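Take a look at the structure set out below.
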Amino acid sequence: MNNDQKLLKILGNKDVLTLAFGAMIGWGWVVTTGLWITEAGSLGAILAFAIGGTMVIFVGLTYAELASALPLAGGEHVYSYKAMGRLASFITTWAIILGYISVVAFEAVALPTVFEYLFSGYSQGHLYTIAGWDVTATWAGVGILGSLLITWINYRGIKFSTSIMFILTLLIIIAGLILITGSSVGGNAQNMTPLFEKGIAGLLTVIIMTPFMFVGFDVIPQAAEEINLPQRRIGQLLIFSVLLAVVWYIAIIFGVSRILSPTEISQSNLVTADAMAKAFGNSQLMGNILVLGGIGGILTSWIGFYVGGSRAIYALANAGMLPKGLGELHPKYKTPHKAILLIGLFSTAAPLLGRPALVWLVDAGGLGLVVAWFMVAISFIILRKKAPDMKRPFKLPGGTTIGWIAAFMAFGISLLYMPGMPSALVWPYEWAIVGFWVILGAILYKLSMAKYGKKYADEHMKKEIDRVA
733 MNNDQKLLKI
743 LGNKDVLTLA
753 FGAMIGWGWV
763 VTTGLWITEA
773 GSLGAILAFA
783 IGGTMVIFVG
793 LTYAELASAL
803 PLAGGEHVYS
813 YKAMGRLASF
823 ITTWAIILGY
833 ISVVAFEAVA
843 LPTVFEYLFS
853 GYSQGHLYTI
863 AGWDVTATWA
873 GVGILGSLLI
883 TWINYRGIKF
893 STSIMFILTL
903 LIIIAGLILI
913 TGSSVGGNAQ
923 NMTPLFEKGI
933 AGLLTVIIMT
943 PFMFVGFDVI
953 PQAAEEINLP
963 QRRIGQLLIF
973 SVLLAVVWYI
983 AIIFGVSRIL
993 SPTEISQSNL
1003 VTADAMAKAF
1013 GNSQLMGNIL
1023 VLGGIGGILT
1033 SWIGFYVGGS
1043 RAIYALANAG
1053 MLPKGLGELH
1063 PKYKTPHKAI
1073 LLIGLFSTAA
1083 PLLGRPALVW
1093 LVDAGGLGLV
1103 VAWFMVAISF
1113 IILRKKAPDM
1123 KRPFKLPGGT
1133 TIGWIAAFMA
1143 FGISLLYMPG
1153 MPSALVWPYE
1163 WAIVGFWVIL
1173 GAILYKLSMA
1183 KYGKKYADEH
1193 MKKEIDRVA
């Protein structure tokens, strides 16, 4: 790769933390907190996020060591290749791309959903009905316009993207802290009953949503080549961002369940906004402030996963595992612009699926994420045995123990998506998304291997890994 085809190394501490935390907290806490409490009860939802968060912390620790040792674009793509070879690398990266694109598509559906709170009755011009939900021209149009804007921001360069994310993340944090403080102080413990709802089934239903809510820390390894920090710091910031997100989600659930009764939660279209309003004397203004913070969350998550998804596609394309054109960098902005435009197509089409797509995307994307996390944990274990002398600036204690815990938890949660489980993926919609992605990946991989050859992929990967060894 010649010099004008290098990613720019320009991200500092603030940029990296903003990228990960902003991507993780996103919009899910605004739109689905009520669903978590309804499904599992107040304490059940908190417990589900504690369990899901624990898994993510262990997985994040394996990422932290590998990201500091192999700071290359594509993250998982590199770790799994060095540990298990070409096919495992493609499967791991293709799975994480499903997770990233599902988040991007989720945000494109979430944006018009939040507009309904601010501008009731704006949804006009019925187009068709999907799964009992009416898709209208103005509703889909808001999502499509938002998608075009986010595509443009990412096209213009990562520093531009993270600068915008920093401002929006501050907005989210301010709105969230006001909600947590107001509802915790103004609420009461009686509203938190029932503490548990629907028993184990309710708990498992929320647990399978947690990977989707925590995804974002792994955007750091994707952008590792653009981080201008000591390698050890990459691992430290990654873990710190995960811990912040765990505390954030549990505090939001606690605050909302204290201020709103179960009946109020079940009748609300946007529980966090209604909780904010009630905490401050039924103030519509305060509810709108929370919604503005939520819009900030949509945009930070949306931008962050364009970064993650486009860098993962870029890494696969450069290795000849996807069409090479997707690995080209823009001559001026030094962004993988064709990969960004490809993600933009998925994002722009998502609002046409309507609001039911929110849950489909959370569940289908979540399966992709835990499969990739499982593969990274296995890569961590293998590399501790296979490459004991590899330089590890952020080295975990305890040998392979943390890797085994991460692998066991990721595998266990992946089983919850399978048929026969109380929290299984919904047929046909959610399995259709997964099936389409598997078939598309198999076709693209086979065509790319036939065109560029296995030798090209292996030589490229060896050269990239030697570059940071």
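Residue numbers 733 to 1201, in the numbering used here, belong to the letters of the sequence shown in order. We put the CB at the ideal spot given by N, CA and C, even for glycine. None of these values were measured; they are calculated from a predicted model.
Contact holds between the segment 1029-1046 and the segment 878-889, because three or more Cβ pairs, one in each stretch, are under 8 Å apart.
Taking 4 residues as the minimum length, the alpha helix (DSSP H) runs contained wholly in the segment 749-827 are 760-763, 765-772, 774-801 and 808-816, in order along the chain. Per the Cβ contact rule, the segment 899-908 is in contact with the segment 1019-1029 (3 or more Cβ pairs under 8 Å). In this chain, residue 1192 is not harboured by any beta strand (DSSP E); it is covered by the alpha helix (DSSP H) spanning 1186-1200. Below 8 Å, too few C-beta pairs join the segment 1118-1134 and the segment 857-873 to call them touching: fewer than three. Annotation for residue 1043: 805, 806, 954, 955 and 1068 place their beta carbon closer than 7 Å to its own, counting only its chain and skipping 5 residues before and after. Under the three-state reduction of DSSP output, residue 743 falls in the strand class. Rounded to the nearest whole angstrom, the CA to CA distance from residue 997 to residue 770 is 8 Å. Beta-bridge pairing by DSSP links residue 866 to 861.
Between the segment 1054-1067 and the segment 909-923 there are fewer than three inter-stretch CB-CB distances shorter than 8 Å, so the stretches are not counted as touching. Residue 967 is not a Cβ neighbour of residue 1104, given a cutoff of 9 Å.
Counting C-beta pairs with one atom in each stretch, the segment 969-979 and the segment 806-825 have fewer than three that are closer than 8 Å, which means they do not touch. Ranked by how close their Cα comes to the Cα of residue 1117, the residues 1054, 1047, 815 and 999 have 815 in first place.
Just measuring C-alpha positions, the residue of 1094, 738 and 1192 sitting nearest residue 889 is 738. The bridge partners DSSP lists for residue 959 are 743.
Contiguous alpha helix (DSSP H) elements confined to the segment 901-971 occur at 931-939, 942-946 and 951-954, taking only those with 4 or more residues. When the beta-carbon positions are compared, residue 969 and residue 752 come within less than 9 Å of each other. Assignment of residue 986 by DSSP, reduced to helix, strand and coil, places it in the helix class.
Cβ-Cβ distances below 7 Å link residue 1012 to 914 and 1018 in the same chain, with the five nearest sequence neighbours on each side left out; the list follows chain order.
Boundaries of the alpha helix (DSSP H) around residue 1010: 1003-1011.
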